[in-house]
Each structure stands twice: as structure tokens, then as C-alpha cells.
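Protein chains in written order, with our numbering: chain A, 151 to 705; chain B, 151 to 705. Ideal Cβ placement from N, Cα and C applies to all residues, glycine included. Step one of this worksheet: look at the structure below.
Listed below in C-alpha cells is the structure:
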């Protein structure tokens, strides 16, 4: 009897939406040969991670086990699936497999980080498979809001796993392969042990809508616009960008792409062959010589990103172009939760300019890239797996998806990041917990989310920062008065004297009272100074700042 | 011919949703007698105002003209209309008028800030009016998501203005007076110069729904729940709290109110007579002896506020109560844009406990308190004003509302905070701009949003903070090595040496090279130290921190 087992271990993406990284393994316990599916990022925010440039899954476990890693597969080119490839490849070292368009993007990611582009191998879709250790992995085309999204057919001696990646069931996706239920049924026919499945839209109870449905509506809107039209969507939604551009073209408008990501994505789509036709585009320079009513701008920044083209246009100018009263601005996009304030800030700026803003509130100009609940059910019906492992979702999504699966008579389990499942038997079993978390990229340095650095930043932001300098002579006697600097604090408090004067006076009195033992001991002295300063600030300005004490001894 | 004029000046609430404060004046230019309508707050957020306790409108203009202020009217008890009353009354000094329930809340606000409660006068609704200088002001009942919301009928020699306050057209509001179209028509009959009107829901194109529609749905949900039920809504939505409590009562459950605001609101509603019946409540202590399936908790914190009862229950415990697998948690509320992440954090925590969460995504368990677009049109049809001045909205709302009004053949204008309108003629005219803005309450100190204090906090949060201490002797020679402390920065950079060591070494070299003129001049020295430190940090950790330089001279 074999003791080999098939394991599944999410390191990112399960219990959150973002930074996907899923490990599969097969072999004897603790010596399983491994593959990694996706290596994505999450974006920072001011509330939890101020000043952080990117957030990665904590890959320590996999780095420690890199000698067991056979391959990395990337399902599609969204940042939350591909964004960390260049940042971790050096420490993981395995070949990276993806289909043509995704591989094109992955090579950009590698080059950006000074990594070898030839580590990225282009694979063809199913029935081609890649053998890696005990696994044989095929890429099964599936529709999503980016071209060439691929589900993975992961075969091992323990059976077949289908890892959906991000998907919707779109039979008219505009760009890229349509969902092919017959192909999927044929792949599933011989039996599927586990369906590891996208959970994003499990709470959306209505039927999913095809990408093809937005085209006619966008065309009507653009055709009726009297002045310039600008539209934004995720640059990676090549189908949507094409739909927008064609709507402009049919309305007799020249198309101008604005924002680096928009140009890069269209280039990658053309280079890799997923986009065979796209209206001719004009450069921003040439666009300035075209009458505004004959122009359509396709711009980055649908999520309100401050440095993207949309935000720049809303603030006044981007690449020499400006918006004016009577222009139309279309958000052909959904605002991701958390980005509302930034997006509304832009809408209000556009409103101040007199620009007419149309967003997705009508439901006409955007469709989701993820399978809604009825399509998740249909997917289970087609694949007919023994078990369903929900992934790509917050806890609430995973739980709902597991409940849905169990209601359909299939074994399921909520497995968040770090939960290793044994899939060998008839039902998924939690076999161990691996320490995971988040790694922050901050400038050029990586550190753990819990290292305290960001905690200190948040504290300074909430409480302000006071710095005290105390100088002592050879006999541990204060040399002059203590010196206080403040940052992020009111310069004047309740006594109407400068805050630093009040703090220095109170500290001076403290030093005058302090005994020899306190003055001779850096820790005791710092502790006393900190306490006095915080209390003094509390009575002056009603809050206790963060305090840094510098004790200098002249010796 | 009189040169008296009627003016309107929003100091807060126009161009934003929050901190409402609207001034009306009548008299000769520059000597108009004034009344203030509402005096509210906005809440801070980490992105724009970290560490700030409350945000007020900048009341400087009105404080400078306090001798012209006749009265303050409060339309209703929501924080964005009443929250700043206690904080500014001392500087404004005018009597505060409100109806009974609102006055009850206003007195709490005054007491909380050590202000005299008797400055708050209770008024009866229309046809009673209050004379204040050239104005006569009546309070016309209108429905909203809090009891006793009142529109103001503001009469002056230049004609009648109706200031709606926040409203919806609800003829079955559960608690408080129903919207009475006949009464409104009678008030409008003699002619209305201007309708100054809530714009919040101008983009909601469907008909508004009555508060009474949610009761039956909530009842069904609560009746079907097998274990404990907890529900949250805005505490001030007394009608909803009553509906929830009665649903619990009918299902044989004891009701327990959790969270200070919930108890205070129900008390105020009972004291002021707006709530004549409410199910008996049990204390949290007694609730612990009641079987869970016979219990319903009504809790504060529908917006995910970290310190409220909902967040505490989600983290584990509040007042001795805990939630368990199989319990039901109902968000009978809408998430205000910007609060999504906080609310979803809680939903995920509840999901981890196995609690079933129901929110408003079905549209069954919550209705808005603001008039949707068709009701805004109906309001105009009933009041038939010469002009419509949109208020209570971001720029996009005001602009859309002005367009709607103009399409209906009425004069309108977008007037954001600080825009003084002359309403004397047939159309509103912008007559001057007054400097306005935001005032932050931070601990016990108030300061302007643009004073740089919060900017410095945000910079420390984004960039970290480095402090350098340089000590020089009587001859301007460095005494010892420069000393660096860091906060919110990685302790180790690209060279794998401690960051402070690298920074100190580079600074030491700089001081060694520095000429006499630099060493003798605090500004030059600080500037040089700052530059060297930022460049050194850039190469070590890829970012430039905020820098505080302390130069100490032994003399």
C-alpha cells in the first residue's frame, strides 16, 4: 500500500481576494514533490499598510522547500496572480509555465526585476501537458476578464484535480477562447477528484452576463456623445478595451490610448496573437490636432489610482490632453470595495469641470469576470468532482461556496491560507497548518507584515511623534535643558504657549527632580522622560504622542 | 427701493456629504442679520485625516460675524447636522432651536462639552414659528431615517425659503410623523422663492420605499432563525430599531440593546415622546440567563466602527455576550462608501465563527432615508419654487440635482461651501466667495485641515521618520559621532548592516568633510544632514524618510 499523498496548500488567496499562491504536492508525507500555481500581489492601503509598495504572500515555507519545487504555473495575467513572479523567482528557481499572452506579461515582470526572461516557458493549451515530477499539468482554456485565462488540469497518481483559476462561463467573450462546455465535459469524463474553484461571486445570485452584451450599449452611448469621449476600464480587460475602441471607431472617432498599462497590454495581446484586430490608434501628440468630437481616449485608472491617467485628467491634464465641459467620461468598470472614495473623488473633480460621468450603476456598461452562483453550480455539474475546494475569496466567500457545494452533495471544506489539505481520500482532510502571512515590499526592502515597522508608522500617523534630546555630562548631570522636537502635533495647546515650551519645561522639572540612579541609567531615564512627556502632552493637547528619547552622554 | 437682500451661504455640506452648516441672511449687504441651519461633523479617516477625532466646518466667517447671528436651527439629530453644536456654541452664542427629540439630543451634545443645556430651546412644529431678526422660521415635519426631522420654512421680507433638511417622502414611517403632502401644499400655496433641497439620492432612479416595507421581511427572517439573532442598524434610526425589536418580540425573543448610542437614542425617543411603545428590554447581564434561541441583540456599529458593539462581538465578546455557530447576524443597514473594508472585516470574522450573516444585498432589510430622484421631482412639484438650490451632496450630486431642476424649468445653481448666493431676484446669483474649509478636532485642540499637522503625519506614515542628533562643541566641531534614531523604517537595508549604522557612517563622513561655514550655521548643517541621510536611505532601503535634525551646541 502506497503512503504517497496528494496535498493542497494555499499560501495566498484563500481567506482574502488577492496575492494568489497555491501549492500542490504529491509523494510521501513531508517529501511531496511540489508545484506552485500563481504568484500574485495585493495592493497596500493607508489604513493597514501605509507607505508599502506591494504586498506578497509569505513564501518562506516554499523557499525552505525549494528543492522540492518542480514548476510554477501562472493561470492568467492579473496582478493578483502574476505580480510577484519577478520578486520571488530568484529564491524559488523553478521554471514558470504559462500560455502565450500570460507568458509575455510574465517575461515583462521578470525583466522589471532583473530576472531571466527565459525562465518563462510558453505552453500550448490542453491536450498538451507539461510533466513535472509526479504531476502532469495541462492548461484548459476558460473565459475571464483577461485573455487566455487557463484552468489547470493537474494529474497525479492520486487522481485528477481541476484548478479553475479565475473564470466565468462566457460563450461569447469577444477576445480569447469561448467557454467550451463539451471540451470541459470530455476532460472531466474520466473522473475528477477535486475541483479547486474561484469563489469571488458566490454571493451574486443572478445569471452571469457575457462580455458581448456590453458592446451594443457602449456603442449607443458613444454614438450619442456630442463632445470628446474618454473611457476607462482595467487595461488587462483586452476584450473591453477592444469593445470601447470599436465603439469609438464606428462613431467616427480616432482612438488614443493613455497610460502605460493600457499600451503595454494591447502590445502584449497583439504580440502574443490573442488580439488579431484593433482599431488604429493615434498618439497623444497627434490627438491634439483632431477635433474633440472625433476623439475617444481610452485611459488607465478605473480604480481611482492617484497616478493613473484618469486621476491626472481629473486633476487637469495628462499627456497634453484636457477634459472640458460637455465631454463624456465612461467608467466601464466596477469599483473594487475600498476604492470608492478615490473613485468618487475623481467623479467630483470631473463634475466640477462639467464633464458628464457615466458609471456602471445602470448595469449596462460593465460585466464581471467571475462566475456567479448559478455558473458555479453549472461548473460543478459539468465537472462532477468528488470534492470542491473553494479558493479565491474572503472567508465569507469560501464558507458560502463550501455550503453551496455540500448542499449539492459534494464534500467540501473551508481551507484558508496555511491550511494543508490531504486530498488523497474521498474527502478533504486538514493535515497540518503552515505559518503564512504577508510580506511587504517597501522601497527596495522586504519584511514581514508583523515586524512592527508599519505598526510604528500607523502609530505616528494617529498620535504624532515627539523627540526628546537629553544631554548629560561626565557626572550624569543634565547639560543644559532637554530639547523637544515635534512632528504631526499641534504647535500650541490649551495653555496657548508653544507646545514644545510646555513639554521642555515639564521635562526640565523632571530632570531636576530625578535621582542619581535614574540619571545614570539610560533605560530608566528614557522611561521617565517618555512618561512625563506623554502626560504633559495629554494635558496640553489631549493626546499622547509616540516618543523617541535620545540620551547623549559626554564622556 | 430697498437694498436689503436675502443671502444663502453653505459653510459645510455643499460639495460633500457631512458636516452640514448653512447660513441665511437678510438685510443690507454686509450687514445682513443671520441664522445658521445645522452644525454638524464629519468623521476622519486614515487616508486623509489620521488621528483626527472629529471634523468640523471652518466656522471662522460666522464667528467673525457672531454679532449678526440671531439663531441656530437644528433640522434633525444626525451627527452630520448636530454633532458640532457643543463644540462651537461658546463662540457663536446664539440660541439653538429644535423640536423635542432633536433638542433632547442637542442638550446631550451641549452637556458633553460643558455648555449650558438651556441654550437649547424646544419648538413646536408648524404653524408655530420663531421670530429671529428679519426672519420667521417654522419647522415643517418631514420623514427621514430619524424621528422628528424637520424642514424649515424660512420667511423674510424677500419671500419664503423652504430648507428641506434631510428627507424622504414616507407616508408610513413607523415612528414619527408621516409625510403630509396636503400640509406641504398648503405651506407652499402662497408662493415659495427657493427650495433648498437634499441631493443625496439624486442618482437613485427608482421610487423610494417606505420604512414600513422592511418590517414584514425582518419578521420572517427573525422568526425562521434557529439560534440567537443579533441585528445592527444606525442607533438613530429609531423606527428601524423598533421594527427589529418588535420582530424579535413576536418571535418570542427577549430584546437586549448593546452599545451606548443604542440605549441613549431609545431613551431620548421615549423621553421626548416620539416613541410611545417599545418592547421591554433586558440588560446584558440578564440576557446571559436567557436561552440563546429566545434572545435578540440590537447592537451598534453597522458601519464597522472598531470600538462599537458589532466589532467587539465579531472579535469575540461584548458585555459578556458571544456569538456562536448557527447564530444569525443581520445588517439592517447600508454600508456608507468608504466603510466597506471595515464592514467586510467584521463579516469575515463572523463567518469564521460560523455565524450566518445577512446584509442588505437582497434589498429586503433596509431602505434609504433620503428621497430618490422621483421623490425629488415630486417635492418640486408640490412646493413649486421659483428656484432650487441643491445642498447635502458631493459636487456630482449637486450638479445632477441642478440639471434635474433646470430640466423641470426652474432656476438652479451649483453652490458649494463658501459660495454666497443672493436669492433676492428671480434667479440665484453668486455674489461672493467666503473662505471655508475644515477644522480638525485632535485630542482637545482644534486646528485647520491645511495647517500641515496632518500632512506631516501622513508623510511619516508613508515614508517613516529618521531623527539625527548632532552635538557640536564651542568651536563648532562635532562632539562625537552623529546619532540616528528611526521609527517606521526597516532596521536593515540592502547592505545587510543595521540601517542606523549605515546612516551614521555616511553622516559622520559628511560632518568630517563639512566646512566651517556649514558647521557654524544650524540651517545649512541641518539641510546638509537631511540631504545626506535621505540619499543614504534611498540607496539602502529604496525610500527617503522624513527627517528631523537636532543640532545641539555646547556653549
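{"Query": "Residue 618/A in three-state terms, based on DSSP", "Result": "strand"}
{"Query": "Inside the region 376-434 of chain B only - alpha helix (DSSP H) runs reaching at least 4 residues", "Result": "388-400 and 410-421"}
{"Query": "Residue 676/B, enclosing alpha helix (DSSP H) - first and last residue", "Result": "672-691"}
{"Query": "Boundaries of the beta strand (DSSP E) in which residue 570/B is found, first to last residue", "Result": "569-572"}
{"Query": "Residues, ordered as in the chain, of the region 181-197 of chain B that lie near chain A by beta-carbon distance below 9 Å", "Result": "195, 196 and 197"}
{"Query": "Nearest candidate by alpha-carbon position, reference residue 550/B, set 535/A, 327/A, 515/A and 506/A", "Result": "506/A"}
{"Query": "Own chain residues within Cβ distance below 6 Å of residue 165/A, not counting five before or after", "Result": "545, 566 and 567"}
{"Query": "Chain-ordered chain B contacts of residue 698/A [CB-CB under 7 Å]", "Result": "617, 635 and 637"}
{"Query": "Cross-chain neighbours of residue 610/A in chain B, by beta carbon under 8 Å", "Result": "607, 610, 611, 615, 637 and 638"}
{"Query": "CA nearest to the CA of residue 351/B, picked from 543/B, 309/B, 259/B and 630/B", "Result": "543/B"}
{"Query": "Test: residue 151/B CB closer than 9 Å to a CB of chain A", "Result": "Any answer about residue 151/B is weak, because its pLDDT of 48 lies below 50 and its placement is not dependable; what the coordinates show is given next. So, not an interface residue."}
{"Query": "Residue 684/A versus residue 495/A: straight-line alpha-carbon distance, rounded", "Result": "37 Å"}
{"Query": "Test: residue 501/B CB closer than 9 Å to a CB of chain A", "Result": "yes"}
{"Query": "Element boundaries [alpha helix (DSSP H), containing residue 344/B]", "Result": "Here residue 344/B belongs to no alpha helix (DSSP H); instead the beta strand (DSSP E) covers 342-348."}
{"Query": "Bounding residues of the beta strand (DSSP E) (the contiguous stretch that carries residue 708/A)", "Result": "Since the first and last residues shown for chain A are 151 and 705, residue 708/A lies out of range."}
{"Query": "Bounding residues of the alpha helix (DSSP H) (the contiguous stretch that carries residue 635/B)", "Result": "Not the alpha helix (DSSP H): residue 635/B falls in the beta strand (DSSP E), residues 633-637."}
{"Query": "Whole-number beta carbon distance between residue 226/B and residue 296/B, since they are thought to touch under 8 Å", "Result": "5 Å"}
{"Query": "C-beta contact flag for residue 447/A and residue 378/A at 9 Å", "Result": "yes"}
{"Query": "Residue of 701/A, 526/A, 414/A and 186/A minimising C-alpha distance to residue 617/A", "Result": "701/A"}
{"Query": "Status (buried if at least 16 other CB within 10 Å, exposed otherwise) for residue 278/A", "Result": "exposed"}
{"Query": "Candidates 536/A, 655/A, 662/A and 490/A: closest to residue 628/A by CA position", "Result": "662/A"}
{"Query": "Interface residues of the region 511-524 of chain B facing chain A [CB-CB below 8 Å]", "Result": "511"}
{"Query": "Through-space distance from residue 499/B to residue 176/A, alpha-carbon basis", "Result": "33 Å"}
{"Query": "Inter-residue spacing [alpha-carbon to alpha-carbon] between residue 523/B and residue 479/A", "Result": "22 Å"}
{"Query": "Simplified DSSP state of residue 444/B, which is helix, strand or coil", "Result": "helix"}
{"Query": "Residue 151/A to residue 178/A span [Cα, whole Å]", "Result": "Unreliable placement is indicated for residue 151/A, whose pLDDT of 48 sits below 50; the coordinate value is still reported in the next sentence. Roughly 12 Å separates the two Cα atoms."}
{"Query": "Proximity test, Cβ basis, 9 Å: residue 462/A and chain B", "Result": "no"}
{"Query": "Selection of the region 548-565 of chain A by Cβ proximity to chain B, strictly under 9 Å", "Result": "548, 549, 550 and 564"}
{"Query": "Local conformation of residue 295/A per DSSP, three classes", "Result": "coil"}
{"Query": "Alpha carbon of residue 241/A to alpha carbon of residue 594/A, nearest angstrom", "Result": "16 Å"}
{"Query": "Reference residue 256/A; option with closest CA among 243/A, 231/A and 275/A", "Result": "231/A"}
{"Query": "Residue burial classification, residue 580/A (beta-carbon count within 10 angstroms, cutoff 16)", "Result": "exposed"}
{"Query": "Any non-hydrogen atom of the ligand PLP within 8 Å of residue 488/A CB", "Result": "As far as ligands go, the structure on display features none, and thus does not contain the ligand PLP."}
{"Query": "Chain-ordered neighbours of residue 544/A on chain B, where CB pairs are closer than 7 Å", "Result": "494 and 498"}
{"Query": "Minimum Cβ-Cβ distance from residue 643/B to chain A less than 9 Å", "Result": "yes"}
{"Query": "Interface partners of residue 704/B on chain A, CB under 9 Å", "Result": "621, 629, 630 and 704"}
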